[in-house]
Amino acid sequence: MTNAERKRNVMQNKYQKPTGSYISFMSNKVKGYGGINLAQGIPGFSPPKELTKILSKISNHKIHQYAPGNGNNELLDLLVKKYQGEYNFCKEDFLVTQGGTEALSLLYIYFNKIISKPFSALAFDPVYESYKYLPSIFNTNFVSFSFNKDSSIDFKKLENICKEKKVKVIFLGSPGNPYGKIWTKEEMLSLILLSKKLKIYIVLDAVYRELYFENTPYIPLDQFNPNLFYTNSFSKLFSITGWRIGYLIAHQDHMENIKSIHDYTGLCAPSILQQAIVEYLKQHDFGNDYISGLRNKLSYSFNHLANELKELGFKIPEAKGGYFIWAQLPEKYKDGFKFTIDLYEQQKVAVIPGEHFSENATDYIRLNIAREKEEIKEGITGIKAFFKYK
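Just so you know, we're using the numbering used here here: the sequence shown kicks off at -17 and counts up by one.
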């Protein structure tokens, strides 16, 4: 083999695309070789000190065996209290899960039991990976629906697509991931009407609900009905993604059957971690001070990083919350995957290619803003150095 052939093989392997998650692919590079991780949605912040102190304090208590399958009873009571202003919920409407991801997968197992096939699931482009890949795991169809250029929704077009593709499940987040769009109240209510008209189940993924920059998102729990499912998690809220404590809310028409599936798939979330969260919520007003500080950090990082990227020629759609910047590359860069690989190789800054979230986003990247200011600044320095080198 000649030197030219060897060099060509190295370059081909360098840009070999992963068969699995791009998020895991890029994050594993940082874990293995170091660098700035603006790829995976892992918070760079420490959890509340009070929470970790509580965990340490109760670690010698006899709470290391299985928790109740439905969830820690005190935690369920606290969740009812938290949401009682939005709807007249009771404890039986809630189920504690192993993170928000288990809540989503549990729901999709249930949908496959109750919905006649063939059917499709739909989410809004750019699409968070679980919404996209859960349907394929269960051999059901997936439909990606694009926002208008101004980020609004063409509901007539959406209705026609839902009819044509036999859509029976719609996933959405507000703020979203990777694009932090917050849905307006009018948009949410229009979607509720559509779901009732076409008998579509809506899954409201509210993991970033409290991580808005300015205005509180409207989440239509006041419109709660059998077509509506709600999932959330403490993972991002308290910077404890490794704890895997989430929950879902479902109408009584569905919840008993969902819980019976959970008995054989997830069984229960970690007992001691649920109890630590219970004590923290009771003692610290549901963690409102920590959450408020987290919002300020995210807002600062978004604005600072977005402004720096714009100066380099990136285009940044307006976002109003969440963990990420969704950024279109400067015009001379057409291949987001190649850009991502080169950026990490040369400057050890990891981001995610936009094509992971959308076939239409080959010239986009996603950047995690949930990092401390110094790490954001290091990331900016690396990105600027990459452009200078180029």
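Beta carbons: idealized from backbone N, C-alpha and C, even for Gly.
>> For residue 8 and residue 91, what's the separation of their Cα atoms in angstroms?
In response: The residue you call residue 8 lines up with position 26 of the sequence shown. The residue you call residue 91 lines up with position 109 of the sequence shown. Answer to the nearest angstrom: the Cα atoms are 29 Å apart.
> To the nearest whole angstrom, what separates the beta carbons of residue 49 and residue 253, a pair I think is in contact under 8 Å?
Replying inline: Residue mapping note: residue 49 aligns to position 67 of the sequence shown, counting from 1. Residue mapping note: residue 253 aligns to position 271 of the sequence shown, counting from 1. That belief holds up - the Cβ atoms of residue 49 and residue 253 are roughly 4 Å apart, short of 8 Å.
> Are residue 160 and residue 348 close, meaning C-beta to C-beta below 8 Å?
Replying inline: Translated into positions along the sequence shown, residue 160 becomes position 178. Translated into positions along the sequence shown, residue 348 becomes position 366. A contact, by the Cβ cut-off of 8 Å.
>> What would DSSP say about residue 123, mapped onto helix, strand or coil?
In response: Translated into positions along the sequence shown, residue 123 becomes position 141. DSSP places residue 123 in strand when its eight states are reduced to three.
> In whole angstroms, what separates the C-alpha of residue 346 from that of residue 335?
Replying inline: One-based indexing of the sequence shown puts residue 346 at position 364. One-based indexing of the sequence shown puts residue 335 at position 353. So the alpha carbons of these two residues sit roughly 6 Å apart.
> Which one of 103, 174, 188 and 219 has the shortest CA to CA distance from residue 205?
Replying inline: Translated into the one-based positions of the sequence shown, residue 205 becomes position 223. Comparing Cα-Cα distances from residue 205 to each of 103, 174, 188 and 219, the minimum goes to 174.
>> Distance check for residue 40 and residue 387, CA to CA, integer angstroms please.
In response: What is shown of the chain runs -17 to 372, which leaves residue 387 out entirely.
>> With three or more beta-carbon pairs closer than 8 Å as the criterion, would you say the region 176 to 192 touches the region 205 to 217?
In response: yes
> Out of 257, 340, 364 and 234, which has the shortest C-alpha to C-alpha gap to residue 4?
Replying inline: As a position in the sequence shown, residue 4 is number 22, starting the count at 1. Comparing Cα positions, the closest option is 340.
>> Taking 8 Å as the cut-off, does the region 190 to 198 touch the region 296 to 312 (at least 3 CB pairs, one atom from each stretch)?
In response: yes
>> If contacts are defined as beta-carbon pairs under 8 Å, then residue 325 and residue 368 qualify, I think. What distance do you get, rounded to the angstrom?
In response: What you label residue 325 is simply residue 343 of the sequence shown in a count that begins at 1. What you label residue 368 is simply residue 386 of the sequence shown in a count that begins at 1. Right, their Cβ atoms sit about 5 Å apart.
> Which runs of the beta strand (DSSP E) spanning at least 3 residues fall entirely within the region 119 to 177, listed in chain order?
Replying inline: 123 to 128 and 149 to 155
>> Here's the rule: buried if 16 or more other CB atoms are within 10 angstroms of the residue's CB, otherwise exposed. What is residue 371?
In response: Within the sequence shown, residue 371 is the residue found at index 389, counting from 1. Exposed.
> Excluding the five sequence neighbours on either side, which residues of its own chain have a C-beta within less than 6 Å of the C-beta of residue 73, listed in chain order?
Replying inline: Walking along the sequence shown from the start, residue 73 turns up at place 91. Answer for residue 73: 58 and 62, listed in chain order.
>> Just list the residues that DSSP pairs residue 104 with in beta bridges.
In response: As a working note, residue 104 is residue 122 in the sequence shown. Note: residue 104 sits in a beta bridge opposite 125 and 152.
> So, helix, strand or coil for residue 201, using DSSP?
Replying inline: The residue you call residue 201 lines up with position 219 of the sequence shown. In the structure shown, residue 201 sits in coil (DSSP, three-state: anything other than H, G, I, E or B).
> Considering residue 231, what are the terminal residues of the beta strand (DSSP E) in which it resides?
Replying inline: The residue labelled residue 231 in the question sits at position 249 within the sequence shown. Taken as a continuous stretch (DSSP letters only), the beta strand (DSSP E) holding residue 231 covers 228 to 231.
> Which residue's Cα is closest to the Cα of residue 227: 31, 38, 54 and 110?
Replying inline: What you label residue 227 is simply residue 245 of the sequence shown in a count that begins at 1. Checking every option, the nearest Cα to that of residue 227 belongs to 54.
> When the distance is taken between beta carbons, is residue 221 closer than 8 Å to residue 27?
Replying inline: Position 45 of the sequence shown, counted from the first residue, corresponds to residue 27. Position 239 of the sequence shown, counted from the first residue, corresponds to residue 221. The answer is yes: Cβ separation under 8 Å.
> Can you tell me the Cα-Cα spacing of residue 218 and residue 25, whole angstroms?
Replying inline: On the sequence shown, residue 218 is found 236 positions in, with the first residue counted as 1. On the sequence shown, residue 25 is found 43 positions in, with the first residue counted as 1. Residue 218 and residue 25: Cα-Cα distance of roughly 7 Å.
> Can you round the beta-carbon distance between residue 96 and residue 357 to whole angstroms, since I take them to be within the 8 Å contact cut?
Replying inline: Against the sequence shown, residue 96 aligns to sequence position 114. Against the sequence shown, residue 357 aligns to sequence position 375. So it is not a contact: roughly 45 Å between Cβ atoms.
> Candidates 6, 2, 16 and 38: which alpha carbon is nearest residue 261's?
Replying inline: The count along the sequence shown starts at 1 and reaches residue 261 at position 279. Considering only alpha carbons, the answer is 38.
>> So the candidates are 155, 198 and 231; which of them puts its Cα closest to the Cα of residue 66?
In response: The residue you call residue 66 lines up with position 84 of the sequence shown. Residue 66 has its Cα closest to that of 231, out of 155, 198 and 231.
> If you compare alpha carbons, which of 137, 181, 100 and 76 is closest to residue 172?
Replying inline: Start at 1 with the first residue of the sequence shown, and residue 172 comes out as number 190. Cα-wise, what sits closest to residue 172 is 137.
>> Can you give me the C-alpha to C-alpha distance between residue 196 and residue 164, rounded to a whole angstrom?
In response: In the sequence shown, residue 196 corresponds to position 214, counting from 1. In the sequence shown, residue 164 corresponds to position 182, counting from 1. Those two C-alpha atoms are separated by around 11 Å.
> With a CB to CB cut of under 6 Å and the five nearest residues on each side skipped, what residues in its chain are close to residue 117?
Replying inline: Stepping through the sequence shown from its first residue, residue 117 is reached at position 135. The residues are 103 and 124.
>> Going by C-alpha to C-alpha distance, which of 330, 337 and 299 sits closest to residue 316?
In response: Within the sequence shown, residue 316 is the residue found at index 334, counting from 1. Selected option, being the one with the closest Cα: 337.
> Where residue 133 and residue 111 are concerned, what is the direct C-alpha to C-alpha distance, given to the nearest angstrom?
Replying inline: Residue mapping note: residue 133 aligns to position 151 of the sequence shown, counting from 1. Residue mapping note: residue 111 aligns to position 129 of the sequence shown, counting from 1. So the two alpha carbons sit approximately 20 Å from each other.
>> Based on DSSP bridge pairs, tell me the residues matched to residue 308.
In response: Counting from 1 along the sequence shown, the entry for residue 308 is found at position 326. Answer by DSSP bridge pairing, in chain order: 348.
> For residue -8, which three-state DSSP category applies?
Replying inline: By one-based count along the sequence shown, residue -8 stands at place 10. For residue -8, the predicted structure reports a pLDDT of 48, less than 50, and the residue's modelled location is therefore unreliable. A value from the coordinates is still provided. Three-state result, residue -8: helix.
>> Shorter than 7 Å, the distance from the beta carbon of residue 57 to the closest heavy atom of the ligand SAH, or not?
In response: Summarising the ligand content, the structure contains no ligands, and the ligand SAH is consequently not present.
> In terms of DSSP beta bridges, what is residue 184 paired with?
Replying inline: Here residue 184 corresponds to residue number 202 of the sequence shown, with the count starting at 1. Paired residue(s): 152 and 210.
> Going by DSSP, what residues sit across from residue 332 in a beta bridge?
Replying inline: The sequence position of residue 332 within the sequence shown is 350, counting from 1. In DSSP, residue 332 forms a bridge with 19.
> Leaving out five residues before and five after residue 23 in sequence, what residues of the same chain have Cβ atoms less than 6 Å from its Cβ?
Replying inline: Looking up residue 23 in the sequence shown gives position 41. If we look at residue 23 and ignore the five residues flanking it on each side, its Cβ neighbours are 305 and 350.
> Considering only residues of the same chain and omitting the five flanking positions on each side of residue 248, which have a CB-CB separation below 7 Å?
Replying inline: In the sequence shown, counting from the first residue as 1, residue 248 sits at position 266. Excluding sequence neighbours, residue 248 sits near 79, 80, 84 and 88.
> If you run the structure through DSSP and keep just helix, strand and coil, what is residue 322?
Replying inline: As a first step, residue 322 is located in the sequence shown; it is residue number 340 there, counting from the start. If DSSP states are grouped into helix, strand and coil, residue 322 belongs with the helices.
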